[in-house]
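Trainee: Residue numbers (the numbering used here): 75 to 553.
Glycine included, every Cβ here is placed at the ideal spot set by N, Cα and C.
Since this is a predicted model, take the numbers as computed values, not measurements.
(1) Give the list of continuous beta strand (DSSP E) stretches no shorter than 3 residues that lie fully inside the stretch 501-533.
(2) The ligand PLP and residue 316: does any heavy atom of the ligand fall closer than 7 Å to the residue's C-beta?
(3) Ignore the nearest five residues each way along the sequence and tell me which others in residue 554's own chain have a CB closer than 6 Å to its CB.
(4) At a cut of 8 Å, does the stretch 322-340 reach the stretch 285-304 through at least three beta carbon pairs?
(5) Would residue 507 be called buried (16 or more neighbouring beta carbons within 10 Å of its own) or exposed?
(6) State the Cα-Cα distance for the pair residue 136 and residue 177, rounded to the nearest angstrom.
(7) Write down the C-beta distance between residue 363 and residue 382 rounded to the nearest angstrom, noting that I regard them as a contact closer than 8 Å.
(8) Quick check on residue 278: does DSSP put it in helix, strand or coil?
(9) Compute the Euclidean distance between the alpha carbons of residue 514 and residue 504, then round it to the nearest angstrom.
(10) Classify residue 269 as buried or exposed, calling it buried when 16 or more other Cβ atoms lie within 10 Å of its own Cβ.
(11) Quick one: grab the DSSP three-state call for residue 383.
(12) Can you grab the Cα-Cα spacing for the pair residue 475 / residue 389, in whole Å?
(13) Could you tell me which residues DSSP pairs with residue 130 in its beta bridges?
(14) So residue 277 packs on residue 259, CB below 8 Å; how close in whole Å?
(15) Following the continuous alpha helix (DSSP H) through residue 215, name the residue where it begins and the one where it ends.
(16) Can you have a look at residue 142 and say buried or exposed, based on whether 16 or more other CB atoms are within 10 angstroms of its CB?
(17) Got a sec, what are the start and stop residues for the alpha helix (DSSP H) residue 422 sits in?
(18) Counting only runs of 3+ residues fully inside the stretch 128-199, write out the beta strand (DSSP E) ranges in chain order.
(19) Touch check for the stretch 181-197 and the stretch 217-229: three-plus C-beta pairs under 8 Å?
(20) Are residue 397 and residue 406 closer than 8 Å when you measure CB to CB?
(21) Does DSSP put residue 447 in a helix, a strand or coil?
(22) Going by Cα to Cα distance, which pick from 457, 401 and 286 is closest to residue 425?
(23) Is residue 434 helix, strand or coil by DSSP?
(24) Apart from the five residues just before and just after residue 509, which ones in its own chain have a Cβ nearer than 7 Å to its Cβ?
(25) Going by DSSP, what residue range makes up the alpha helix (DSSP H) through residue 291?
(26) Let me make sure I understand the geometry here. Which of 186, 160 and 530 has the alpha-carbon closest to that of residue 150?
(27) First and last residue of the beta strand (DSSP E) that includes residue 249?
(28) Using a Cβ-Cβ cutoff of less than 8 Å, which residues in the same chain neighbour residue 180 once the five nearest sequence positions on both sides are dropped?
(29) Return yes when the Cβ of residue 312 is within less than 8 Å of the Cβ of residue 287, no when it is not.
(30) Hey, how far is the Cα of residue 525 from the Cα of residue 541?
(31) Sort 533, 537 and 463 by Cα distance to residue 227 and report the nearest one.
(32) Note down the Cα distance separating residue 271 from residue 337, rounded to an integer number of angstroms.
(33) Identify which residue in 333, 498, 454 and 241 has its Cα closest to the Cα of residue 374.
(34) Can you tell me which of the three DSSP states residue 403 falls into?
(35) What does a CB cutoff of less than 8 Å around residue 112 pick up in its chain, not counting 5 residues either side in sequence?
(36) For residue 238, count neighbouring Cβ atoms within 10 angstroms of its own Cβ and tell me buried if that reaches 16, exposed if not.
In structure tokens:
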């Protein structure tokens, strides 16, 4: 154990660094502490700034030189003035030092957060030394933004779950959710409970086969096994264990939380009236019409045949009927390109997920959206269904390519040493390469669509791909 020059006992056997500084010549002491701080200020006993020193070149921190001659309390935000008084009092009376979080406001109105400590110099003046907290503040703000984005996504998921519950419970058809592994009923809607409840025992938790006549159980097992292995829905006839009514069992499979589940619909032959079917269809159409995400159906060429109000809002139209008969390409961001890419992928794969594009409104408003699509064949006709989600408010990371950042820095260093013509030429090549990479990414490496998007011939695009070493040049030109 030892004592500091002020008599304070230290725990590690060494004197307190700030106490040692208080015994050193003032300017030397200020230099010593400033070397370990981002900013240091020498103040008189009233708190007037006499000298400012920085350890790094920073345009915002350099504004501290303009504070010389002013009171420290006058160059901080109003809510921090009490902290400045406490900081100065700590140094005057020599009490245990505390870090004080103090915000300055620069000439542009931007906040400059500094964490200050203080010490009294041997000549009676006060040294305030601080650490720049801007990086910490930015991280805190990003954390808050991320939390708010998660809250919005969670609220959206809750709303979707509520809509699913409403659809599930109000569906007139008896509907079950069955675990594919145990074959036990996990959920049953109201219609299913009314049909399958026996002796006061509800169907939830029971084995699915127990709800049917013993003569049909093996066949139902085979149907479910086939649905699970192929992924395609199938139907079979079976007789209920309660009441003996013959029922059509329609089964399909879906995944949730990394497990496979069956969606089972029961339709009693001759019992489901056309009115019930119409009511069910009307309910589905109403649900799609009220979705918060845009939903639009087109024919095989992209002509709109149906849309909901959310999509009409994105297109800045008062009513969905105004979209009917128009090409979807009218509102997509890259006219003539995006729809072609979507149609080509739907013809090849049958579905597209999370296709990023922009949607142009009638009044010029552009919205960043993600589109998912599915091709359908109904009554001998081909249709395309598009789900459109507005992602403009989603939290996004600033997307600056590393290559661009590095090259910009290098090009700046060339000013004065290399002619401007050469610098501009190198910059043009960099931008050209980035545009080609972006076009290939947007079109999922479809060279023909990328060339059309860039306004190049396919031969010119392949020449540039070879020039910049991009893509697999071994592919045929017409691939």
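Mentor: Let me spell this out:
(1) Listed in chain order, there is nothing to give.
(2) Ligands in the displayed structure: none, and consequently the ligand PLP is not present.
(3) The chain is shown from 75 up to 553; residue 554 falls before or after that span and cannot be answered.
(4) yes
(5) Counting from 1 along the chain shown, the entry for residue 507 is found at position 433. Flag for residue 507 reads buried.
(6) Here residue 136 refers to the residue found at position 62 of the chain shown. Here residue 177 refers to the residue found at position 103 of the chain shown. Going from the Cα of residue 136 to the Cα of residue 177 covers about 15 Å.
(7) By 1-based counting over the chain shown, the position of residue 363 is 289. By 1-based counting over the chain shown, the position of residue 382 is 308. The beta-carbon distance between residue 363 and residue 382, rounded to whole angstroms, is 5 Å. This is short enough to meet the 8 Å contact definition.
(8) As a position in the chain shown, residue 278 is number 204, starting the count at 1. Look at residue 278 here: in three-state DSSP terms it is coil, with no helix or strand label.
(9) In the chain shown, the residue the question calls residue 514 occupies position 440. In the chain shown, the residue the question calls residue 504 occupies position 430. Rounded to the nearest whole angstrom, the CA to CA distance from residue 514 to residue 504 is 16 Å.
(10) Position 195 of the chain shown, counted from the start, is the residue given in the question as residue 269. The residue in question, residue 269, is buried, as its Cβ has 16 or more Cβ neighbours within 10 Å.
(11) For the purposes of this step, residue 383 is taken as the residue at position 309 of the chain shown. Correct three-state label for residue 383: helix.
(12) For the purposes of this step, residue 475 is taken as the residue at position 401 of the chain shown. For the purposes of this step, residue 389 is taken as the residue at position 315 of the chain shown. Because residue 475 sits at a pLDDT of 49, beneath the cut-off of 50, its placement in the model cannot be relied upon, and the following sentence gives the value as read from the coordinates. So the two alpha carbons sit approximately 31 Å from each other.
(13) Within the chain shown, the letter at position 56 stands for residue 130. For residue 130, which the question treats as bridged, DSSP gives no partner whatsoever.
(14) The residue given as residue 277 occupies position 203 in the chain shown. The residue given as residue 259 occupies position 185 in the chain shown. Their Cβ separation, rounded to whole angstroms, is 5 Å, which keeps residue 277 and residue 259 in contact under 8 Å.
(15) The residue given as residue 215 occupies position 141 in the chain shown. Looking at the DSSP string, the run of the alpha helix (DSSP H) that includes residue 215 is 208-244.
(16) Numbered from 1 along the chain shown, position 68 holds the residue referred to as residue 142. It counts as exposed.
(17) Looking up residue 422 in the chain shown gives position 348. Here the alpha helix (DSSP H) through residue 422 covers 412-423.
(18) Every unbroken stretch of the beta strand (DSSP E) spanning 3 or more residues and falling wholly within the stretch 128-199 is given here in chain order: 174-179 and 185-194.
(19) no
(20) What you label residue 397 is simply residue 323 of the chain shown in a count that begins at 1. What you label residue 406 is simply residue 332 of the chain shown in a count that begins at 1. No; because the gap between Cβ atoms is not below 8 Å, this pair is not in contact.
(21) By one-based count along the chain shown, residue 447 stands at place 373. Of the three classes helix, strand and coil, the one that applies to residue 447 here is strand, per DSSP.
(22) Within the chain shown, numbered from 1, the residue matching residue 425 stands at position 351. The candidate whose alpha carbon is nearest that of residue 425 is 457.
(23) Within the chain shown, residue 434 is the residue found at index 360, counting from 1. Three-state DSSP puts residue 434 in a strand.
(24) Taking the chain shown and counting its residues from 1, one reaches residue 509 at position 435. These residues qualify, in order along the chain: 528.
(25) By one-based count along the chain shown, residue 291 stands at place 217. Run containing residue 291: 291-304, per the alpha helix (DSSP H) assignment.
(26) Numbered from 1 along the chain shown, position 76 holds the residue referred to as residue 150. The shortest Cα separation from residue 150 among 186, 160 and 530 belongs to 186.
(27) Working through the chain shown from its first residue, we reach residue 249 at position 175. First-last of the beta strand (DSSP E) with residue 249: 249-253.
(28) Here residue 180 is taken as the residue at index 106 of the chain shown, counted from 1. Closer than 8 Å at the Cβ level, and outside the excluded window around residue 180, lie 134, 137 and 186.
(29) Residue numbering aside, residue 287 sits at position 213 when the chain shown is read from its first letter. Residue numbering aside, residue 312 sits at position 238 when the chain shown is read from its first letter. Against a cut-off of 8 Å, the Cβ pair of residue 312 and residue 287 comes out as a contact.
(30) By 1-based counting over the chain shown, the position of residue 525 is 451. By 1-based counting over the chain shown, the position of residue 541 is 467. Looking at the two C-alpha atoms, the distance is approximately 15 Å.
(31) Here residue 227 refers to the residue found at position 153 when the chain shown is read from its first residue. Taking only the C-alpha atoms, the option nearest residue 227 is 463.
(32) As a first step, residue 271 must be located in the chain shown, where it is residue number 197. As a first step, residue 337 must be located in the chain shown, where it is residue number 263. Near 19 Å, if we compare the C-alpha coordinates of residue 337 and residue 271.
(33) Within the chain shown, residue 374 is the residue found at index 300, counting from 1. When each option's Cα is compared against that of residue 374, the closest is 454.
(34) On the chain shown, residue 403 is found 329 positions in, with the first residue counted as 1. Reduced to three states, the DSSP call for residue 403 is helix.
(35) Working through the chain shown from its first residue, we reach residue 112 at position 38. The residues are 128, 129, 130, 135, 188, 204, 205 and 206.
(36) On the chain shown, residue 238 is found 164 positions in, with the first residue counted as 1. Residue 238 should be labelled exposed.
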